[in-house]
Amino acid sequence: MFRDNRANMNHKGTKVAMGLMLLLVLLVSCGEKPPLRLTTIQRDQVDTLYLRAINKGGLAAEMDSLCQAKREIEIKILIDSMLQVRRAEEQALRDKYSK
-19 MFRDNRANMN
-9 HKGTKVAMGL
1 MLLLVLLVSC
11 GEKPPLRLTT
21 IQRDQVDTLY
31 LRAINKGGLA
41 AEMDSLCQAK
51 REIEIKILID
61 SMLQVRRAEE
71 QALRDKYSK
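With the working numbering, letter number 83 in the sequence shown gets 63, and the count goes up by one each step, no holes.
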């Protein structure tokens, strides 16, 4: 009888331990995975594959033309802005020395 009681307690302890281990595994596995870290070689390979995909679809030429058009517009805006600043400075100097 003493052996049966001990075996029963040992069996219960095993069940509790297994249950705790299962709970621990479930809690750990539900966490957010760490971000993917690539080596330099892997990054170069990804870049190469990406550029090949873009060039295949003819997107590279379209992107270049869009960038060029955008650049021309931005340069015009910047030149206009600089001209306004210079004209305001010039007017301030004329007002200062004309008195």
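Just so you know, even glycine gets a beta-carbon here, dropped at the ideal spot from N, CA and C.
Per-residue DSSP class, three states only, for residue i
{"i": "Lys50", "result": "helix"}
{"i": "Ser45", "result": "helix"}
{"i": "Gly(-1)", "result": "helix"}
{"i": "Ser61", "result": "helix"}
{"i": "Arg74", "result": "helix"}
{"i": "Lys13", "result": "coil"}
{"i": "His19", "result": "The sequence shown places Thr at residue 19, not His. In this structure, Thr19 counts as coil in the three-state DSSP scheme."}
Pairwise C-alpha distance: residue j and residue i
{"i": "Thr19", "j": "Lys(-8)", "result": "49 Å"}
{"i": "Met43", "j": "Ala33", "result": "13 Å"}
{"i": "Arg51", "j": "Glu70", "result": "28 Å"}
{"i": "Asn35", "j": "Leu16", "result": "26 Å"}
{"i": "Lys56", "j": "Gln22", "result": "40 Å"}
{"i": "Ala49", "j": "Ala41", "result": "12 Å"}
{"i": "Ser45", "j": "Gln64", "result": "29 Å"}
{"i": "Arg74", "j": "Met62", "result": "18 Å"}
{"i": "Met(-2)", "j": "Leu6", "result": "12 Å"}
Residue-level contact to chain E via CB, residue i, 8 Å cutoff
{"i": "Lys(-8)", "result": "The displayed structure is made up of one protein chain only, and chain E is not part of it."}
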